[in-house]
Each structure stands twice: as structure tokens, then as C-alpha cells.
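Peer 1: Going down the list, the sequences are from chains E and Y.
When we follow numbering that gives the first Met the number 0, the leftmost residue of the first sequence carries the number 0, and every step to the right adds one.
When we follow numbering that gives the first Met the number 0, the leftmost residue of the second sequence carries the number 0, and every step to the right adds one.
Here you go, one structure.
2 protein chains.
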Amino acid sequence: MMSRGTDMSNVKKAVVLLSGGLDSATVLAMAQADGYQCHTLSFDYGQRHRAELDAAHRLALVACVAAHKTITLDLDGIGGSALTDTAIAVPEAPQQGIPVTYVPARNTVFLSLALGWAEVLEAGDIFIGVNAVDYSGYPDCRPAFIEAFERVANLATRAGVEGAGFQIRAPLQNSTKAQIIQAGLRLGVDYSLTVSCYQADVQGRACGRCDSCRLRASGFAAAGVEDPTRYT
Amino acid sequence: MMSRGTDMSNVKKAVVLLSGGLDSATVLAMAQADGYQCHTLSFDYGQRHRAELDAAHRLALVACVAAHKTITLDLDGIGGSALTDTAIAVPEAPQQGIPVTYVPARNTVFLSLALGWAEVLEAGDIFIGVNAVDYSGYPDCRPAFIEAFERVANLATRAGVEGAGFQIRAPLQNSTKAQIIQAGLRLGVDYSLTVSCYQADVQGRACGRCDSCRLRASGFAAAGVEDPTRYT
């Protein structure tokens, strides 16, 4: 039986990457249901859809996480994506191959910073909401990438070399969008708080036309539940 | 014979991590000698020894690089190292194991951001001055880490999946500090411009007592050349 005392030494800590979207909100609920004390991490990387940062903050508050941190990164100085470069339009029709909304090395950068924070917190688990079924087509969402990054994490760090090491957990890896939504609803996730749209307005209202909006809307339809998304 | 025209399509581009220290200055000279058009990258991560950022900028100017970028990161908000947390003293005697100057996940974060920039530049090579002979004892300087990161780079990116991919080059990997200095001097590196000290003053003058100063001084002694370091 779990102790209810004040001894914190057996607390399972995790860093959870929280974008403010549907997937990462679900992952946070799953990590909490698994008994993790969660520290959520968001990135202000010059993305168009900055409303997702407000959404992430609200989701963290509602979930009563141990800490929420937003790291500012000047990826916009690097460019190369429709999400960070206003000169590249967000496509509103399906694309072949890796889409222009792909942000170079984004999940590698995010996981690296999560790894640094996890090491300082003595958290052994890092959760990320990547998915390779109903997904974006981004290479850094695939299982082989997650496995390779876990190997890096355990070679790069003091905790990997001298301690218990790290696990990169991607619990949505093999789920459809509908399955993700159904799992989240069972855990009480309020999807009206989440923002998925690549060009959401400042109030977090969605365009309904971009790739991310399309994936989200068909997920709610396939799950057979009402879509709480606010559209412009 | 190499074309001397204005066709840039055959230019070999590289991103070079440039800390402003002795090792990365040598790596930059090696990459240029190998014919790479170099784009240098430094990080302002709240380090005590911020004089190294000025040193990096000067080295980049002197080497006439294609571009020099300094990315600001709030790693100081993550903490956990004597280099970023003023509450942890820089040790002035040799330490056992991984020293307190280890910055959690630093090289993973730096390589990730270098990877993002390399992908946008269409640069296939990333140079890093890590070394595992006369070295710091940091886990993220070892060959196994570099190899694991290269695997991540090629799984994470559009260029890795659809293009020619990336190589992470660590040309100092198996060199002693004396060999590094001798190689750099042959290539014309002006080591008086470099700053290695963990607690250098604002003018870049070294303490002469920290681990990094000790490694550097014994390198010049072993190389049998004059040490141009300015001490406080």
C-alpha cells in the first residue's frame, strides 16, 4: 500500500512535454493516472499558433502539476518551417511527404531540454505525445526516433551513466486519433482547453482547414463524440 | 579541378559549434582547412564564463566564417551545474567521477540546435570539439554519445529521411590536448583569442586554478609551446 506520509523519496517524477494540443493533454492525464508527479514543459519557439502556449498553461493549472515551465527558444532565427516563418504559408490541403509545417529538429531540441530538466529534477521518465498512426508525417514522431533518442539520453547524462537512467515514454505511439480522444475522455481531459490549429487566433480559435485541424476533427468524428473545438 | 566560378551548388557547408575555447577554435580551423564553408554557433546559456561568447565572436570574425549565430537559452532556469548556478562553486582541485561543472544534457541540446540550423542551411556536417583523452570527464564528450546522436540526427530530420543525411564530426576525439594545440598552431589558430577558464573575468582573463585552466596549461606545456593565456 502506498504511503500517505510526507516521505517524497518514492515519488515517481516525470517531465511531460506539453504543447497545449490534444495529444500532449492526453499524455499528461495518462502520466498522472500512472502515479507520476508531473513537471510540464512548453516552448515558445516563435510559432504562429502562440495561443497553444496559453492553452498549455491552462492545462497545467487545471491538472495541478508540480511545475510548469515555458522555455523561450529563437528557432525563428533558424527558420525553415511554415510554423515559424511567416513567409511560408500553412497549407490547407493534404501534402505529399514531409509537410512544410515540419520544424527542423523540433522534437530533438524539445527532448534535449526536457532531458536536462529531468536530470536536475531526478525524474527518470520523459513523456511525449508523438504518434505515428493518424499523424503529421514528421520524421521525429516515429518509434525509431524515440528509441534512438532514449539511447542518446542514457549516454549523454550523469543519470544515464551513474544513475537509474531515463525512459522516453510515448504512450500514444500506436493509437489512432479516435483512440487518443476516447482514452483522454475516460481520464477526464477537457479538450475544449486544447489548441491544435497551426494558425489559431490569439483567443485559440481554430481555422478548421489546416492539416492539424483536419486530423483533430476527423478524430472526434471517428470517436463518435462532440467536437468542442472553437472555430473562427 | 575545383571550379572557381560562382556556382555555389558544390559548396560543402558545415555548422561548427564554437564555444570560444581552445578545442572548438581548433575544430573550426580544421573544418575550414578541409574546405567547408563554416557557419559557427554559440550559446548564451547563462554560463559564468560569458567572456567565452566574446571570444567565439572574435574567432568567427578572424576566420571569416559564412555566418556566426549566438542562441540564447535559459538553461540557467534548469540549473544543476556549477557553470550556471552561482550557488555551486567551481572546484579548484581535481574531482572524482563526473564533475559539478557538468551541465545537464548540454551537448545534446547544443547538437540538437546545430542540427536544426544545419537542416535549414542544407549543411550535411556538424563539427563539435569534444575529446575523450585529456578531457573533462563529461559523459556527453564520449564517442558512443556522438555516434548515438548521429543516429538521432538521421532519424529525426527531413534531410536524414529524404536527403543525404548528417555526419557529426568530432575530429579531436582521440587527440591529447598537446596534439590539439600542435594541430591548431600548424593551421594558424591564434590561441590568445580563446577563453577556456570556467570563471574567466569579463576581459577573458583566466583563473589558472579550475579544471579547464589546468587541462589547458598542461596541454601547452606538453606541446612545448608558449602559453598565450592571460591570467588574472
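In this text, a Cβ means the ideal position worked out from N, Cα and C, and glycines have one as well.
Report all residues from its chain with a CB closer than 6 Å to the CB of Y137 of chain E; omit the five preceding and five following residues, and keep chain order.
Peer 2: Excluding residues within five positions, the ones whose Cβ falls inside 6 Å are Y101.
Peer 1: DSSP state of A32 of chain E, grouped into three classes?
Peer 2: helix
Peer 1: Got a sec: is the Cβ-Cβ distance from V129 of chain Y to anything in chain E below 8 Å?
Peer 2: no
Peer 1: Determine contact between the segment 172-185 of chain Y and the segment 217-225 of chain Y, defined as no fewer than three beta-carbon pairs at a distance below 8 Å.
Peer 2: yes
Peer 1: Cα-Cα, which of Y:Q181, Y:R204 and Y:L171 is closest to A23 of chain Y?
Peer 2: Sequence inspection shows Ser at residue 23 of chain Y; the Ala mentioned does not correspond to that position. Distance check between S23 of chain Y and each of Y:Q181, Y:R204 and Y:L171 places Y:L171 closest, using alpha-carbon atoms only.
Peer 1: Going by DSSP in three states, Q166 of chain Y sits in which element: helix, strand or coil?
Peer 2: strand
Peer 1: P138 of chain Y touches chain E at which residues, Cβ-Cβ below 8 Å?
Peer 2: L154, A155, T156, R157, G159 and V160
Peer 1: Against chain A, with Cβ distances strictly below 8 Å, would D43 of chain Y count as a contact?
Peer 2: The question asks about chain A, but that chain is absent: this structure's protein chains are E and Y.
Peer 1: Could you check what DSSP says for A222 of chain Y in three-state terms: helix, strand or coil?
Peer 2: helix
Peer 1: Pick out whichever of E:A117, E:L17 and E:L21 has its Cα sitting closest to the Cα of G187 of chain E.
Peer 2: Of the listed residues, the one whose Cα sits closest to G187 of chain E is E:L21.
Peer 1: Are the segment 113-130 of chain Y and the segment 139-149 of chain Y touching by the rule of at least three beta carbon pairs closer than 8 Å?
Peer 2: Touching, yes.
Peer 1: Per the contact definition of three or more C-beta pairs closer than 8 Å, is the segment 146-159 of chain Y in contact with the segment 109-127 of chain Y?
Peer 2: yes
Peer 1: Identify every run of the alpha helix (DSSP H) within the segment 23-93 of chain Y, keeping only runs that are complete inside it and at least 4 residues long; order them along the chain.
Peer 2: 50-61
Peer 1: Using only the alpha-carbon positions, how far apart do D33 of chain Y and K12 of chain Y sit?
Peer 2: 11 Å
Peer 1: Measure the C-alpha to C-alpha separation of V10 of chain E and T231 of chain Y and round it to an integer number of angstroms.
Peer 2: 46 Å
Peer 1: Residues of chain Y with CB under 7 Å from P103 of chain E, in chain order?
Peer 2: G115, E118, V119 and T156
Peer 1: Quick one, are the C-beta atoms of S80 of chain Y and P103 of chain Y less than 8 Å apart?
Peer 2: yes
Peer 1: Tell me which same chain residues have a C-beta within less than 6 Å of the C-beta of N106 of chain Y, skipping the five on either side of it?
Peer 2: Setting aside the 5 residues that flank it on each side, N106 of chain Y is surrounded in the same chain by D139, each with a C-beta closer than 6 Å to its C-beta; the list follows chain order.
Peer 1: Counting contacts by CB-CB distance shorter than 8 Å, is V132 of chain Y in contact with chain E?
Peer 2: no
Peer 1: Applying the 10 Å Cβ sphere with the 16-neighbour rule, what's the burial state of M1 of chain Y?
Peer 2: Residue placement at M1 of chain Y cannot be trusted, given a pLDDT of 44 that sits under 50; what the coordinates show is reported in the next sentence. The residue is exposed, with fewer than 16 neighbouring Cβ atoms inside 10 Å.
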